[in-house]
Amino acid sequence: MCLLVGAGYAALLYSKKAPWSRAVNLGLAALRFVLVSLLCWLLLGPIFRRQTTTREAPTVVLALDDSRSVPLYSTDSAALRGTLGGLDGLTSRLREAGYQVQLRTLDTAAPARAAQVRFRRGATNLDALLSGVQQDFQGRNLAAVVLASDGLANQGRPPVYADFSYPVYALALGDTLPRRDLRVTDVRYNRVVFAGNRFPVEAEIGYDGFPQGGTATVLLRENGRVLARQQVTLNPQLRLQRTRFTLTATAPGKHRYEVVVEQQPGEFTPLNNVRNAYVEVVKGRLRVLLAGAAPHPDLKALRTALLTNDNFDVTLVLPGLLPLRAQQDYDVAILHQLPSRFGEGREVLQYVRSRRLPALFVLGPQSDLAAYNALGTGLRLSGGAGAEVSPVVNPNFTRFSLDADAQARVADYPAVPTAAADAQLGGGTEVVLRQQQGRSRTARPLLVVAGAAGRRQATLLTDGAWQWRLHEAASSPTEAAPAFDGLVTRLLQLLTQDARRKRLDVYPTQDAFNVSDDVTLGAETYNAVFERVYDQRITLTLTDEQNRPRNFTFTNRENGGPLRLGPLPGGVYRYTARATVAGQAQQDQGELLVQEQQLEAGAAHADHNTLYQLAQRSGGRLYYPQQLAQLEQQLLQAKFKPVLYSQEELKDLIDEPWLLVLLVLLASAEWAIRRYSGSI
């Protein structure tokens, strides 16, 4: 039909006598025939199938442990550098054989060559390194992983218990022969104690290479001052001794105690002779009123989470079962499905309102949403019960933070039903957790915080949080739920934070930082009616334990992040922040804790047995640096094959740019010939 239309159009236009020759007339008719036929065909919307094939070469990942323990337990630094050069040679020859080779380290940014690696990481997490490789190469042609390590992992789960979808060829670094060494292998203590109470600090002393009858001196120090001293006898058959110190908690605040075993001649390294104990001394427990409309698994989960922290004293109240004691004082309340649709717990609500207590509202199907909306918590709810959603941490919430491991655990929580289909945020309300439906992340809130310091209110829009703690405990080898427990305790600490109405509030975003963390502080400024104001210039003086000050200046932006101080050495730091808000000088003080433990010097020798088990379990083999040639031969003889990926795509022909060019050329050619021949 398209051809007939084109032929008819050309015949109608060029059948009459023309002022040019017959050959030109036929040529013009042919051009018009092609142009019109092509346009008619395009009106029918033709599509075509495009099939593309890509080839992906097999990939070998060189995973290099760049922690401090690798050179520490190597007998010869020149031999270690030679091994790194050998790995670079192995990389070049594998690439010549058609393999792709990637270098990975414990650090986020790996250098281009193994010889450029600097062993500076203060902790080793081999499971995170290998699991990250598996995640990044999901669905790709990952042939094998060459893991060069000393086998000493001090963070994450033991890699021998993980299942990897690729073979691991382990290259054993370091020396397995024990050296003459004294070390503090572990320190046990209560992280929170109460002022005036006595508390123990237990130290575990490990040793190698010392004769029968030898002794070691163990010191307990604070700020360089020796608080206690003990002698332990070294028995070569035990290789481990324990000692115990008892201290009295004095001034409230954060304290760092050092457990030191004095160095003796001929020791392998003094790096592992010191371990720190970080203790927070508080005036008293936070008294928590945990009240529910009826017995519920949430109450058990919340109570268990709070009792993992010695800083909380929890009282459970259930109408008709466990009555409220009006004469008792509380610092914060958790109200589970209160106010209730059936009227339970009115006396509890009246008590909380009369005492002006900060509160966490946990909403569910028994909650009276109309009565809740009248409380002015910064959240207004409407609609019936909402969909089942899973939680996602809001990255813009900075009042406290969860580490990467805790955020990953939260993202793995099961879906739970929500108490309301629609939620409207009031002014000053901040979202801690957002809702995710299936794989779709939404902006709808799941956990929010609102209100000024000392009168803050929080709301959790589900009564299924008990499933989160149960899920996390079931997937943990210790049956603990650190992410859930940490979220609940930090939320209550935020609700009770500083009841004084400060116009400048500067606070650490974590309870404690590690020496590898980026230390961050949040900052808030308020006007005379305690509304948030921004773009205020704040100066901060940070003082370490030796009273050495460091000064910082920053401005709190409305959409800006926290103040980043960068990594800091271990210790207790005190800070003083100053700002001028609306012409009035404001000041705030506080302290932060940076923990430092010599994790990489916790043993006296490398652990090649772990590498052997990991290689055997994954289908690989264990090699030593002098066997690099055999490792190369093994990888080449495996003859890993490339993978061909075929992709088929349907596209509209009219979307092709060359087709427009063709149409323009046909029309232009016809016009140009007619013009040249004496007509348009």
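Residue numbers (the working numbering): 297 to 976.
Even for Gly, the Cβ is constructed at its ideal location relative to N, Cα and C.
- By the Cβ-count criterion, Tyr830 is exposed, with fewer than 16 other Cβ atoms from all chains shown falling within 10 Å of its own Cβ.
- Contact between Glu498 and Arg487 fails: their C-beta atoms lie close to 14 Å from each other, not under 8 Å.
- Taking the Cα of Gly502 as reference, the smallest distance to any Cα among Leu516, Ala524, Thr529, Arg517 is reached at Thr529.
- A straight line joining the alpha-carbon of Val689 with that of Arg637 spans about 30 Å.
- Rounded to the nearest angstrom, the gap between the Cα atoms of Gln832 and Arg364 is 42 Å.
- By the C-beta density criterion, Asn519 is exposed, having fewer than 16 other C-beta atoms within 10 angstroms.
- If only uninterrupted alpha helix (DSSP H) runs of at least 4 residues are considered, those enclosed by the segment 348 to 385 are 365 to 368.
- Assigned with DSSP and collapsed to three states, Arg971 falls in helix.
- Looking at the DSSP output, Leu946 bridges to Arg345.
- Non-local C-beta neighbours of Glu500 in its own chain, meaning closer than 6 Å and more than five positions away in sequence, comprise Thr481, Asp482, Arg538, ordered along the chain.
- For the options Lys313, Arg552, Leu469, Gln624, the alpha carbon positioned closest to that of Leu383 is the one of Leu469.
- Nearest C-alpha to Pro507 among Asn531, Phe415, Glu563: Asn531.
- When only Cα atoms are considered, Leu358 and Gly452 end up about 20 Å apart.
- For Val868, the uninterrupted beta strand (DSSP E) segment begins and ends at 867 to 877.
- Lys550 sits in a strand when the DSSP states are folded into three classes.
- Rounded to whole angstroms, the Cβ separation of Ala419 and Ser942 is 44 Å, and the two are not in contact under 8 Å.
- Restricting attention to beta strand (DSSP E) runs no shorter than 3 residues, the segment 462 to 487 encloses them at 464 to 468, 477 to 485, ordered along the chain.
- C-alpha of Leu958 to C-alpha of Phe329: approximately 14 Å in a straight line.
- For the set Arg414, Leu859, Ala573, the Cα lying nearest the Cα of Tyr803 is the one of Leu859.
- Restricting attention to beta strand (DSSP E) runs no shorter than 3 residues, the segment 433 to 459 encloses them at 438 to 445, ordered along the chain.
- The beta carbon of Ala897 lies closer than 8 Å to those of Arg364, Ser365, Leu368, Arg479, Thr565, Leu567, Asn568 in the same chain, with the five residues before and after it left out.
- In this structure, the CA atom of Arg494 is about 45 Å from the CA atom of Ser663.
- Counting along the chain, Phe696 sits inside no beta strand (DSSP E), nor does DSSP assign it H or E at all.
- Scanning its chain for C-beta atoms nearer than 6 Å, with the 5 sequence neighbours on each side dropped, one finds no residue around Pro619.
- Residues of the same chain with a CB within less than 7 Å of the CB of Lys947, apart from the 5 flanking positions on each side, are Ile343, Phe344, Arg346 in chain order.
- Excluding the 5 residues flanking it on each side, Val301 has same chain C-beta neighbours closer than 8 Å at Val332, Ser333, Cys336, in chain order.
- The residue among Val815, Thr872, Thr816 with its C-alpha nearest the C-alpha of Asn843 is Thr872.
- Judged by their CB atoms, Ala902 and Asn852 are not nearer to each other than the 8 Å cut-off.
- Boundaries of the alpha helix (DSSP H) harbouring Ala601: 593 to 603, taken from the DSSP string.
- Between the alpha carbons of Phe696 and Leu787 lies a gap of roughly 8 Å.
- Within the segment 609 to 661, the beta strand (DSSP E) runs of at least 3 residues that lie entirely inside it are, in chain order, 628 to 632, 655 to 658.
- Assignment of Ala715 by DSSP, reduced to helix, strand and coil, places it in the coil class.
- The C-alpha of Tyr310 lies about 59 Å from the C-alpha of Ala353.
- Taking 8 Å as the cut-off, the Cβ atoms of Thr513 and Glu554 do not count as close.
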